[in-house]
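Peer 1: For the sequence shown, the residue numbers in mature numbering (1 follows the signal peptide of the UniProt record, and there is no 0) are -19 to -1, 1 to 185. Glycine residues also receive a C-beta, built at the ideal position from the N, C-alpha and C atoms. Note that the structure is a prediction, hence the values are computed from the model and not measured. After the structure tokens below, expect a handful of questions from me.
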Amino acid sequence: MPHMTKTLSGLAFAAGAFAAITLAPAPAAAEAEEYELDKTHADVVFWVSHLGYSNTWGRFNSMDGTLVLDQEAPENSSIAMVIDAASIDTNLGKRDEHLRSPDFLNAGEFPEITFSSTAIEKTGDKTATVTGDFTLAGVTKTISFDATVNKVAPSPMDKSKEIVGLSAETTIDRTEYGVDYGAGAIGNEVRIFMELEFIRAVGG
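So this is what it looks like as structure tokens:
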């Protein structure tokens, strides 16, 4: 009987321990975090062929954006960018005025160039294909960026802020957006490069 009592007590203890384990709440999954674009560390640049002789570089000087980052499940992340079309800058005022005109960006009628992701596919430890809706001159098409997450870490200058650094690039055909002035002479393909930092407060 003493042996039976000890056995039953052991079984009861084991059952209680198992119940405690199975009924204990699972560790909470990390939540996606929202970051705002750090406009002082954000560059959107492009280049396009000039008559085949050289490539003309340009940039946009005004933009905004948000990033929702889920590091454990990148497919749940998202990014949205809004670029001021009139802020185009190719270091030549007369050319920039022409680029803002209806011949090109038609910035008066379509003041914003936008991108809003619809899918993110992880392709490596730090890389992903980011697909979404890109709107230029009032026309929306689906495009994909090759993106790299360079670093996610607290700011070395201010530990209360966390920074995500991204690089992304893609190529579009401007004529698909109705921007066909000089097609065949000025390059139709436009390469777009983005170097972006997003920031959020983390306390401390």
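Let me confirm a value: Met138 is counted as buried when at least 16 other C-beta atoms fall within 10 Å, else exposed. Which label applies?
Peer 2: Classification of Met138: exposed, given that the 10 Å Cβ count is below 16.
Peer 1: Just the Cα atoms here: how many angstroms apart are Pro83 and Lys132?
Peer 2: Roughly 39 Å between the two C-alpha positions.
Peer 1: Find out if the Cβ-Cβ distance for the pair Ile173, Lys122 is shorter than 9 Å.
Peer 2: Not a contact, by the Cβ cut-off of 9 Å.
Peer 1: Indicate the three-state DSSP secondary structure (helix, strand or coil) for Tyr162 in the structure shown.
Peer 2: Tyr162 falls in the coil class under three-state DSSP.
Peer 1: Give me the Cα-Cα distance between Glu15 and Gly46, rounded to the nearest whole angstrom.
Peer 2: Cα to Cα, the separation comes out at about 11 Å.
Peer 1: What are the boundary residues of the alpha helix (DSSP H) that includes Asp77?
Peer 2: Residues Gly74 to Arg81.
Peer 1: Starting from the C-beta of Pro8, find all residues in its chain whose C-beta is less than 7 Å away, skip the five residues before and the five after it, and write them out in chain order.
Peer 2: No answer about Pro8 holds up, because its pLDDT of 47 lies below 50 and its placement is not dependable.
Peer 1: DSSP state of Ser97, grouped into three classes?
Peer 2: Strand, per DSSP.
Peer 1: Apart from the five residues on each side of it in sequence, which residues of its chain come closer than 6 Å, Cβ to Cβ, to Ser98?
Peer 2: Ser59, Ile60, Val111 and Gly113, listed in sequence order.
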